[in-house]
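Number of protein chains: 2
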Amino acid sequence: MLIHMTSSPPAAPRRGRPPRGAAPGLSRQRVLDEALALVDDEGIGEVSMRKLARRLGVDPMSLYNHVDNKDAILDGITELVLASTEFPAPTGDLRADLLEMARVFRRTMLNHPRAAPLVLTRQLASSQALAPTEIVLDRLCTAGLPMADAVHALRAVLAFLMGTLMREVNAGPTFGTGNPQAIEARRTELAESGLPTVSAAAPYLAVCDHEAEFEFGMRVLLEALDAELARTEAR
Amino acid sequence: MLIHMTSSPPAAPRRGRPPRGAAPGLSRQRVLDEALALVDDEGIGEVSMRKLARRLGVDPMSLYNHVDNKDAILDGITELVLASTEFPAPTGDLRADLLEMARVFRRTMLNHPRAAPLVLTRQLASSQALAPTEIVLDRLCTAGLPMADAVHALRAVLAFLMGTLMREVNAGPTFGTGNPQAIEARRTELAESGLPTVSAAAPYLAVCDHEAEFEFGMRVLLEALDAELARTEAR
DNA sequence: AAGATAAACCTACGATGTAGGTAAGACAAG
DNA sequence: CTTGTCTTACCTACATCGTAGGTTTATCTT
Chain R
1048 MLIHMTSSPP AAPRRGRPPR GAAPGLSRQR VLDEALALVD DEGIGEVSMR
1098 KLARRLGVDP MSLYNHVDNK DAILDGITEL VLASTEFPAP TGDLRADLLE
1148 MARVFRRTML NHPRAAPLVL TRQLASSQAL APTEIVLDRL CTAGLPMADA
1198 VHALRAVLAF LMGTLMREVN AGPTFGTGNP QAIEARRTEL AESGLPTVSA
1248 AAPYLAVCDH EAEFEFGMRV LLEALDAELA RTEAR
Chain L
1048 MLIHMTSSPP AAPRRGRPPR GAAPGLSRQR VLDEALALVD DEGIGEVSMR
1098 KLARRLGVDP MSLYNHVDNK DAILDGITEL VLASTEFPAP TGDLRADLLE
1148 MARVFRRTML NHPRAAPLVL TRQLASSQAL APTEIVLDRL CTAGLPMADA
1198 VHALRAVLAF LMGTLMREVN AGPTFGTGNP QAIEARRTEL AESGLPTVSA
1248 AAPYLAVCDH EAEFEFGMRV LLEALDAELA RTEAR
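Protein sequences appear in the order of chains R and L.
For the first sequence, the residue numbers in my numbering are 1048 to 1282.
For the second sequence, the residue numbers in my numbering are 1048 to 1282.
Structure (structure tokens):
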């Protein structure tokens, strides 16, 4: 990133003419920002090159000057979201640090619930996308875990995170809303379908404290990690 | 489902004319079966009404006589896969039973890896789709867990299952194939990107024994479940 | 002044999901 | 046997999609 002023003074790293129509000059950044906004507003399924271009006041094909194709846009959205994740400084307490990182990650996903499936699904290998991995692995290793086990632990936590977040973010009202009347109706319906236990559990299935689920799972996994660490140190 | 024979004897619950062209008579079942086959062959992204119709030797629009729309087909595929899951009879050992159910579920997903994202993503509320839930909840309850905790446990395991299976089924070679040469290249590349730990972990990240990851996670979760049960009984 | 470059635009193609309409065989009622 | 209803398959048509290919124009370099 070197500062290299040419002779011409004005400004603008933008090269082409300043739009023929009225667009204030496109750029990869602007395209991706608007794409993320579009996803946040309407969901992944509603993303199309044409709609995105319309929001930018630009011809659909102009997007291809800044982005390879639609898939690259989805990748870009993923990276944008990941880049917006600000992991806290380590405190030295491994378990607390990992828990906090997971919490921050979850918060980020909840900030972009409609984009979350992208982030959770696409496994990017850019350095941007691997930054969190870097931090976690580093802390696990400095805590004394052999690399193989560190990767193991990382994957287990990641799998759980993916799973809960997927559920939390989809969050369709599978068992009706909190409406107790609807739940009751669903309940008798289930009982008649040969699902007595599910029927009995309907009130519990109808509501879901995602945060509690998240904390519970993390506690279990981190406890297992502690046990693993203790075993390693004993050796 | 009452048996009510009319006078005319021949057979065939099929009503319409036997194809104008040469199709051997469509049915919801045939459509869904072929749809699953299509997914297995080419992946979810390649499913289209037209392609599906072509495989059935039928006009695309004919499908709509047996299925509401494309989304219903995807739901149908999900149910087909779920229906093909044969959970074993309970042995009485709760933990072993749950582990075995998870294994069977995993096997089913691996039998239809390309359909798995559908099954894992869509949360269906049909009695077909809820059958596994019924079994698990029932066993957890008869083991002595309060319903609230049973639902809790179910969700934790499910989240982990979803996560690992999503990873396993996508299984893109994030870090190159097993090719040691490619790994080494990737490795120096990562080191230069300010990701020293990831770089060092590259050999471990490059390979992934999904089965071991699965077994590890399940062991941790089931151990936590045991602890929970012990706590409940003590109370 | 002349040429190169980059960014915007435009046209067009094949593919998609599906609304709306038509035709033809099967059954029931007369 | 005729007539009408029903079911199912077929056909046409439309809006929308991603994007290949080509054209225009404003800016920078020489």
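The beta-carbon is built from N, C-alpha and C at its ideal position, and this holds for glycine as well.
For this session: Kindly list, in the order they appear in chain L, the residues whose Cβ is closer than 7 Å to that of PHE1263(R).
Result: HIS1199 and ALA1203
Exercise. Any C-beta of chain R sitting closer than 9 Å to the C-beta of ASP1185(L)?
Worked result: yes
Problem set entry | Neighbourhood of VAL1216(R) by C-beta, 6 Å cutoff - its chain only, sequence neighbours within 5 removed | PRO1160 and ALA1163
For this session: Report yes if the CB atom of ALA1271(R) is closer than 9 Å to the CB atom of THR1211(L), and no otherwise.
Result: no
Exercise. Would PHE1152(L) count as contacting chain R if we go by Cβ distances under 9 Å?
Worked result: no
For this session: Can you say whether GLY1068(L) is buried or exposed, counting buried as having 16 or more other CB atoms within 10 angstroms of its CB?
Result: Confidence is the limiting factor: at GLY1068(L) the pLDDT is only 40, short of 50, which leaves the residue's position unreliable and the question unanswerable from this model.
For this session: Determine contact between the region 1236–1243 of chain L and the region 1182–1195 of chain L, defined as no fewer than three beta-carbon pairs at a distance below 8 Å.
Result: no
Problem set entry | Cβ neighbour criterion (16 or more within 10 Å) applied to SER1246(R) | buried
Problem set entry | Helix, strand or coil at ASP992(R) [DSSP, three-state] | Past the boundaries of the shown model lies residue 992(R); chain R is included only from 1048 to 1282, so the question cannot be answered.
Exercise. Residues of chain L with CB under 9 Å from GLY1241(R), in chain order?
Worked result: SER1174, ALA1178 and GLU1181
For this session: Could you say if the region 1244–1263 of chain R and the region 1120–1138 of chain R meet the contact criterion of at least three C-beta pairs nearer than 8 Å?
Result: no
For this session: Could you check the C-alpha separation between LEU1177(R) and PRO1243(L) for me, to the nearest Å?
Result: 11 Å
Exercise. What's the call for GLU1181(R), buried or exposed, on a 16-neighbour Cβ count within 10 Å?
Worked result: buried
Exercise. Which chain L residues are close to LEU1290(R), counting only those with a beta carbon under 7 Å from its beta carbon?
Worked result: Here chain R covers residues 1048 to 1282 and nothing more, so residue 1290(R) does not appear.
Problem set entry | Endpoints, alpha helix (DSSP H) assigned at ASN1217(L) | 1194–1217
For this session: Take the Cβ of ALA1203(L) as the centre, count every other Cβ of all protein chains shown within 10 Å, and call the residue buried at 16 or more, exposed below.
Result: buried
Exercise. Quick one: is ASN1285(L) near chain R, going by C-beta distance under 9 Å?
Worked result: The structure shown does not extend to residue 1285(L), since chain L spans only 1048 to 1282, so no value can be given for it.
Exercise. At a Cβ threshold of 9 Å, is LEU1237(L) touching chain R?
Worked result: yes
For this session: Return helix, strand or coil for GLU1133(R), following the three-state DSSP convention.
Result: coil
For this session: State yes or no: is the C-beta of VAL1086(L) within less than 9 Å of the C-beta of LEU1141(L)?
Result: no
Problem set entry | Chain-ordered neighbours of LEU1129(L) on chain R, where CB pairs are closer than 7 Å | Going along chain R, no residue has its Cβ under 7 Å from LEU1129(L), so there is no contact; the nearest lies around 14 Å.
Exercise. Would you report the Cα separation of MET1213(L) and HIS1113(L), rounded to the nearest angstrom?
Worked result: 31 Å
Exercise. How should ALA1136(L) be labelled, buried or exposed, when 16 other C-beta atoms within 10 angstroms of its C-beta is the threshold for buried?
Worked result: exposed
Problem set entry | Residue from THR1155(L), MET1148(L) and SER1095(L) with nearest C-alpha to LEU1201(L) | MET1148(L)
Problem set entry | GLY1104(L), buried or exposed, once every other Cβ within 10 Å from all chains shown has been counted against 16 | exposed
For this session: Give me the Cα-Cα distance between LEU1146(R) and TYR1111(L), rounded to the nearest whole angstrom.
Result: 49 Å
For this session: Find the nearest neighbour of GLN1170(L) within the set MET1209(L), ALA1195(L) and THR1155(L), judged by alpha-carbon distance.
Result: MET1209(L)
Exercise. Should ARG1289(R) be labelled buried (16 or more other beta-carbon atoms within 10 Å of its own) or exposed?
Worked result: Outside the shown range of chain R, which is 1048 to 1282, sits residue 1289(R), and nothing can be said about it.
Exercise. Which value, in whole angstroms, describes the spacing of the CA atoms of ALA1172(R) and THR1125(R)?
Worked result: 11 Å
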